[in-house]
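Participant: Below is the structure I would like to discuss, written out as structure tokens.
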Amino acid sequence: MTQVFFHCSNDDEILIDRRGTAVLDLTEARDHATRVMHALISAESGEDWRDWVLHVADDLDEEIFAVPFSSILGRMH
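Residue numbers (the UniProt record's numbering): 1 to 77.
Shown next, in the form of structure tokens:
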């Protein structure tokens, strides 16, 4: 198991995941990233998540991969 962290950012803000999640492999990290994104999108915050990116990082804070929220939401027209 590897501890990975799911940080979110846009041009103005950064949300830091201080707890992280233990995952077995990249597939599990990707699946968890998708769940995190859906949870944030579904929350009643009023936030437009299209300009946000979810960054998956290891315990040394090295980015493993990043997923733009627009990949789920699409771009505004």
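C-beta atoms are modelled at their ideal positions from N, C-alpha and C, and glycine is treated no differently.
Below 8 angstroms on the Cβ atoms is my contact criterion, and I expect residue 49 with residue 73 to pass it. Report the Cβ-Cβ distance as a whole number of Å.
Facilitator: As a first step, residue 49 must be located in the sequence shown, where it is residue number 49. As a first step, residue 73 must be located in the sequence shown, where it is residue number 73. Contact flag correct, Cβ pair sits at about 6 angstroms.
Participant: Taking just the CA atoms, how far does residue 1 sit from residue 69?
Facilitator: Numbered from 1 along the sequence shown, position 69 holds the residue referred to as residue 69. Numbered from 1 along the sequence shown, position 1 holds the residue referred to as residue 1. Cα to Cα, residue 69 sits roughly 26 angstroms from residue 1.
Participant: Measure the beta-carbon distance from residue 53 to residue 64 and round it to whole angstroms, keeping in mind my assumption that it falls under 8 angstroms.
Facilitator: Walking along the sequence shown from the start, residue 53 turns up at place 53. Walking along the sequence shown from the start, residue 64 turns up at place 64. Incorrect: roughly 13 angstroms between the Cβ atoms, too far for contact.
Participant: Which ranges would you report for the alpha helix (DSSP H) in the UniProt domain "DUF6894" (5–70) if only whole runs of at least 4 residues count?
Facilitator: The UniProt domain "DUF6894" (5–70) contains these whole alpha helix (DSSP H) runs: 26–42.
Participant: Confirm, please, whether the CB-CB distance from residue 20 to residue 36 is below 8 angstroms.
Facilitator: Along the sequence shown, one-based indexing puts residue 36 at 36. Along the sequence shown, one-based indexing puts residue 20 at 20. No, the Cβ-Cβ distance between residue 36 and residue 20 is not below 8 angstroms.
Participant: Confirm, please, whether the CB-CB distance from residue 38 to residue 6 is below 8 angstroms.
Facilitator: For this step, residue 6 is matched to residue 6 along the sequence shown. For this step, residue 38 is matched to residue 38 along the sequence shown. Not in contact: residue 6 and residue 38 (Cβ atoms no closer than 8 angstroms).
Participant: Would you tell me roughly how many angstroms separate the C-alpha atoms of residue 10 and residue 43, rounded to the nearest one?
Facilitator: On the sequence shown, residue 10 is found 10 positions in, with the first residue counted as 1. On the sequence shown, residue 43 is found 43 positions in, with the first residue counted as 1. Going from the Cα of residue 10 to the Cα of residue 43 covers about 17 angstroms.
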